[in-house]
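Chemist:
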Amino acid sequence: MKSLSTVKNLLNDARTNHYAVPGFECLSDMYVRPILDVAEQQRSPVILLLLGCDVEGRAMHYLAGLIHSVAPHYDIPIAMQLDHATDIDVIKRCIDHGFTSVMFDGTALPYEKNVEVSARVVELAKPHGVSVEAELGCVAGKEIDGADIGETVLTRPEDVVEFVEATGVDALAVSIGTAHGIYASKPDLDIETLKAIDAVSQVPLVLHGGSDTPADQVQEAVRNGITKFNVYTDTRLAINSAIPETLKITEKRPDELSNIVFQPIHDSISKNVRSKIAMALSSGRV
Ligand code: 13P
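Each residue of the sequence shown is one higher than the one before, counting from 3 in the working numbering.
(1) Between residue 63 and ligand 1, is there a pair consisting of the residue's CB and a ligand heavy atom that are separated by less than 8 Å?
(2) So, with DSSP's three-state summary, where would you put residue 144?
(3) Taking 8 Å as the line, does the beta carbon of residue 242 fall inside it for any heavy atom of ligand 1?
(4) Quick check: residue 270 and residue 279, are their CB atoms within less than 9 Å of each other?
(5) Does the count of Cβ pairs from the stretch 193-211 and the stretch 230-243 closer than 8 Å reach three?
(6) Cβ-heavy atom distance between residue 213 and ligand 1 below 8 Å?
(7) So what's residue 91 in DSSP terms, helix, strand or just coil?
(8) Grab the span of the beta strand (DSSP E) containing residue 101 for me, first residue to last.
(9) On the three-state DSSP scale, how would you describe residue 133?
(10) Could you check if residue 109 belongs to the surroundings of ligand 1, using beta carbon to heavy atom distance under 8 Å?
(11) Could you check the C-alpha separation between residue 3 and residue 41 for me, to the nearest Å?
(12) Run through the stretch 5-51 for me and flag every whole alpha helix (DSSP H) of 4 or more residues, listed as ranges in chain order.
(13) Residues in its own chain within less than 7 Å of residue 190 by CB, not counting five upstream and five downstream?
(14) Please work out which residues of its chain come closer than 6 Å, Cβ to Cβ, to residue 139, disregarding the five sequence neighbours upstream and downstream, and give them in chain order.
(15) Please list, in chain order, all residues of the same chain as residue 274 whose beta carbon is under 7 Å from its beta carbon, the five residues on each side excluded.
(16) Which partner residues does residue 228 have in the DSSP bridge list?
(17) Ligand 1 and residue 281: does the residue's C-beta get closer than 8 Å to at least one heavy atom of that ligand?
(18) If I measure Cβ to Cβ from residue 62 and keep anything under 6 Å in the same chain, skipping five residues before and after, which residues do I get?
(19) If you measure between the beta carbons of residue 13 and residue 200, is that distance less than 9 Å?
(20) Helix, strand or coil: which one does DSSP assign to residue 149?
(21) Can you give the beta carbon distance from residue 74 to residue 5, rounded, assuming they're within the 8 Å contact cut?
(22) Rounded to whole angstroms, what is the Cα-Cα separation between residue 19 and residue 257?
(23) Quick check: the Cα distance between residue 253 and residue 247, rounded to an integer number of angstroms?
(24) If the criterion is Cβ atoms closer than 9 Å, does the pair residue 213 and residue 245 meet it?
(25) Hey, out of 166, 70 and 181, whose CA is closest to residue 119's CA?
(26) Which residue wins for smallest C-alpha separation from residue 2, given the options 97, 170 and 114?
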């Protein structure tokens with residue numbers, strides 16, 4: 003039986019072997035099985051990303067507890083990461099519940115404060131063997147409901163060495179032209195800046211805003227230093243797109259309804275996971 007892996011270990015292998023480990027946001031227990039099943043079929047390592055709001059109270063046990071109990075039954079490396087944390091108490095609680103990685107999001111803070119709090123998170127996490135990711139610059143974007151998330155600030159290669167050294171983080175999320183959510187216009191990733199960052203960075207690099215980013219651009223980013231590729235919105239849209247099929251089932255099969263009603267949603271999440279694993283070039287790496 004295998005226990006959960008750390009993000010640090012997964013990304014170090016990805017950096018050496020030029021692929022990215024896909025990270026999928028899990029909003030509830032329903033997400034976990036299709037993600038892990040497809041990752042294992044594709045022989046891909048995988049990171050399950052959980053937001054603080056999704057593990058409040060008892061939800062921690064339904065989601066983190068579930069992941070802990072099923073992960074040893076899969077024959078691939080799996081990590082569990084708290085994503086976009088801004089609250090130290092939430093970070094401490096997740097460390098206590100066996101997360102193997104936390105991402106501190108200091109993008110709304112001035113640079114010096116981002117350094118200070120990221121370093122504090124490293125101090126808290128390291129004694130527990132928990133990896134830490136922080137973000138330099140800001141990947142902005144839009145929620146599905148259209149609400150704005152921050153303002154884009156591209157990562158400056160000249161800040162990277164100092165930031166990593168001062169904080170001690172294990173992985174660095176960079177802003178090179180992706181955005182969270184669905185793009186208003188086609189993105190144009192700044193691969194030259196990514197190359198410059200990768201050339202100096204002491205730690206592996208992470209791409210947020212994976213949804214709706216053209217596959218060729220993601221793969222170009224992976225070939226040039228991205229080692230973790232985060233996906234959220236496209237999984238939610240995959241679920242939404244399966245609803246009409248679910249409704250058709252309810253018309254046709256009242257006898258078996260309770261057995262099969264979630265199947266189209268499961269299939270749609272699986273299809274999305276398969277396509278993101280292909281973009282991350284992570285298939286067959288286990
Ligand atoms: P998307 O919603 O664009 O996939 O971004 C996900 C993300 O970066 C989570 O950290």
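Built from N, CA and C at the ideal position, the CB exists for glycine as well.
Modeler: A quick look at the data gives this:
(1) Within the sequence shown, numbered from 1, the residue matching residue 63 stands at position 61. No.
(2) Position 142 of the sequence shown, counting from 1, holds the residue named residue 144. Strand.
(3) Here the question's residue 242 lines up with position 240 in the sequence shown. Because no heavy atom of ligand 1 lies under 8 Å away, the Cβ of residue 242 does not count as near it: no.
(4) Taking the sequence shown and counting its residues from 1, one reaches residue 270 at position 268. Taking the sequence shown and counting its residues from 1, one reaches residue 279 at position 277. Cβ distance not < 9 Å, so residue 270 and residue 279 don't count as in contact.
(5) yes
(6) Numbered from 1 along the sequence shown, position 211 holds the residue referred to as residue 213. Because some heavy atom of ligand 1 lies under 8 Å away, the Cβ of residue 213 counts as near it: yes.
(7) For the purposes of this step, residue 91 is identified with residue 89 of the sequence shown, where counting begins at 1. Correct three-state label for residue 91: helix.
(8) Taking the sequence shown and counting its residues from 1, one reaches residue 101 at position 99. Taken as a continuous stretch (DSSP letters only), residue 101 belongs to no beta strand (DSSP E), as it is neither H nor E.
(9) Within the sequence shown, residue 133 is the residue found at index 131, counting from 1. Of the three classes helix, strand and coil, the one that applies to residue 133 here is strand, per DSSP.
(10) As a position in the sequence shown, residue 109 is number 107, starting the count at 1. Checking the Cβ of residue 109 against ligand 1 gives no.
(11) Here residue 3 refers to the residue found at position 1 when the sequence shown is read from its first residue. Here residue 41 refers to the residue found at position 39 when the sequence shown is read from its first residue. Unreliable positioning characterises residue 3 in this predicted model, as indicated by a pLDDT of 47, which lies under 50. A coordinate reading is not provided.
(12) 9-19 and 31-43
(13) Numbered from 1 along the sequence shown, position 188 holds the residue referred to as residue 190. Closer than 7 Å at Cβ, skipping near neighbours: 179.
(14) Counting from one through the sequence shown, the residue named residue 139 turns up at place 137. Within the same chain, residue 139 has close Cβ partners 155, 156, 157 and 177.
(15) To locate residue 274, count along the sequence shown from 1; it is residue 272. Same-chain partners within the cutoff: 236, 237 and 240.
(16) Locating residue 228 in the sequence shown gives position 226, where the first residue counts as 1. Answer is 207, bridged to residue 228.
(17) Locating residue 281 in the sequence shown gives position 279, counting from the first residue. Every heavy atom of ligand 1 is 8 Å or more from the Cβ of residue 281, so no.
(18) Locating residue 62 in the sequence shown gives position 60, where the first residue counts as 1. Result list for residue 62: 99, in chain order.
(19) Stepping through the sequence shown from its first residue, residue 13 is reached at position 11. Stepping through the sequence shown from its first residue, residue 200 is reached at position 198. Not in contact: residue 13 and residue 200 (Cβ atoms no closer than 9 Å).
(20) For the purposes of this step, residue 149 is taken as the residue at position 147 of the sequence shown. Coil, per DSSP.
(21) The count along the sequence shown starts at 1 and reaches residue 74 at position 72. The count along the sequence shown starts at 1 and reaches residue 5 at position 3. With 8 Å as the limit, residue 74 and residue 5 qualify as a contact, their Cβ atoms being about 6 Å apart.
(22) Residue 19 sits at position 17 when you count from the first residue of the sequence shown. Residue 257 sits at position 255 when you count from the first residue of the sequence shown. In a straight line, the C-alpha of residue 19 is about 50 Å away from that of residue 257.
(23) Walking along the sequence shown from the start, residue 253 turns up at place 251. Walking along the sequence shown from the start, residue 247 turns up at place 245. Taking the straight line joining both Cα atoms gives about 10 Å.
(24) Translated into the one-based positions of the sequence shown, residue 213 becomes position 211. Translated into the one-based positions of the sequence shown, residue 245 becomes position 243. Cβ atoms of residue 213 and residue 245: not closer than 9 Å.
(25) Here residue 119 refers to the residue found at position 117 when the sequence shown is read from its first residue. Minimum Cα distance to residue 119 is reached at 166.
(26) A question about residue 2 goes unanswered here, because the residues of the chain that appear run from 3 up to 288.
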